[in-house]
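Numbering (the numbering used here), first residue to last: 1 to 166.
Think of the CB as a built atom: it goes at the ideal place given N, C-alpha and C, for glycine as much as any other residue.
Here the structure is a predicted model, which is why all the values come from computation and not from measurement.
To start, the structure itself, in structure tokens.
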Ligand SMILES: [Zn+2]
Ligand SMILES: [Zn+2]
């Protein structure tokens, strides 16, 4: 059994359209590698800093990611046997490449689902003003003295009546 601690640059695509760990940003890996009958079992955690945008007000959102992962990397011989047996469940077995394991797809599979689906700068973010686009969290008393267009139409009718009477 071996324990490995590594700082690596984040690979491409470690995130969604709205939030993700920027490519090249620091990822902290803590991995325990265990030799098992079928291959090598990698268990560990990945830590990093995801950056995105609040879906309501577009303010930057930073999310500290700290997720566990576990993956079995099988010896290529084993993977071949499984494939020949037509074992459907083993189709996406990850193979050992000599002494190397490729953690990148494993990181992606653990980090991406852990990210917020709709990032928010804060849980009760009031979003943007529909009239002028101002960020309401910065200006809670924000309001406009605009007349509702429906009332404006009524005012016009009232004016007409006065004209007739007069
Ligand atoms: Zn927000
Ligand atoms: Zn406004």
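(message) Going by the DSSP bridge assignment, what does residue 19 pair with across the sheet?
(response) Here residue 19 corresponds to residue number 19 of the chain shown, with the count starting at 1. For residue 19, DSSP records a beta bridge to 52.
(request) Pull every residue with its beta-carbon under 6 angstroms away from any heavy atom of ligand 1, and keep them in chain order. (result) 54, 56, 57, 59, 120, 121, 125
(message) Short of 8 angstroms in beta carbon distance, which residues of its chain neighbour residue 75, apart from the five on each side in sequence? Order them along the chain.
(response) Locating residue 75 in the chain shown gives position 75, where the first residue counts as 1. Once the five neighbours on either side are set aside, the close Cβ partners of residue 75 are 38, 39, 95, 96.
(message) In the DSSP output, which residue or residues are listed as bridge partners for residue 26?
(response) The sequence position of residue 26 within the chain shown is 26, counting from 1. By DSSP's assignment, residue 26 forms a beta bridge with 9.
(message) Given a cut-off of 8 angstroms on the beta-carbon distance, is the pair residue 5 and residue 29 in contact?
(response) Counting from one through the chain shown, the residue named residue 5 turns up at place 5. Counting from one through the chain shown, the residue named residue 29 turns up at place 29. In this structure, residue 29 lies closer than 8 angstroms to residue 5 by Cβ.
(message) Following a CB-centred definition, is residue 25 positioned closer than 7 angstroms to any heavy atom of ligand 2?
(response) The residue you call residue 25 lines up with position 25 of the chain shown. No, the Cβ of residue 25 stays beyond 7 angstroms of every heavy atom of ligand 2.
(request) Note down the Cα distance separating residue 46 from residue 142, rounded to an integer number of angstroms. (result) Within the chain shown, residue 46 is the residue found at index 46, counting from 1. Within the chain shown, residue 142 is the residue found at index 142, counting from 1. Between the alpha carbons of residue 46 and residue 142 lies a gap of roughly 42 angstroms.
(request) In angstroms with no decimal places, state the Cα-to-Cα distance between residue 128 and residue 63. (result) As a working mapping, residue 128 is identified with position 128 in the chain shown. As a working mapping, residue 63 is identified with position 63 in the chain shown. Near 21 angstroms, if we compare the C-alpha coordinates of residue 63 and residue 128.
(message) Between the alpha carbons of residue 11 and residue 104, how many angstroms are there, rounded?
(response) As a position in the chain shown, residue 11 is number 11, starting the count at 1. As a position in the chain shown, residue 104 is number 104, starting the count at 1. Residue 11 and residue 104: Cα-Cα distance of roughly 7 angstroms.
(request) Tell me, please, which residues DSSP counts as bridged to residue 35. (result) The residue you call residue 35 lines up with position 35 of the chain shown. 40.
(request) Could you name the residues that DSSP lists as bridge partners for residue 64? (result) Indexing the chain shown from 1 puts residue 64 at position 64. Per DSSP, 49.
(request) Grab me the residues of residue 53's own chain with a C-beta within less than 8 angstroms of its C-beta, minus the 5 sequence neighbours each way, in chain order. (result) Start at 1 with the first residue of the chain shown, and residue 53 comes out as number 53. Closer than 8 angstroms at the Cβ level, and outside the excluded window around residue 53, lie 18, 19, 59, 60, 61, 119.
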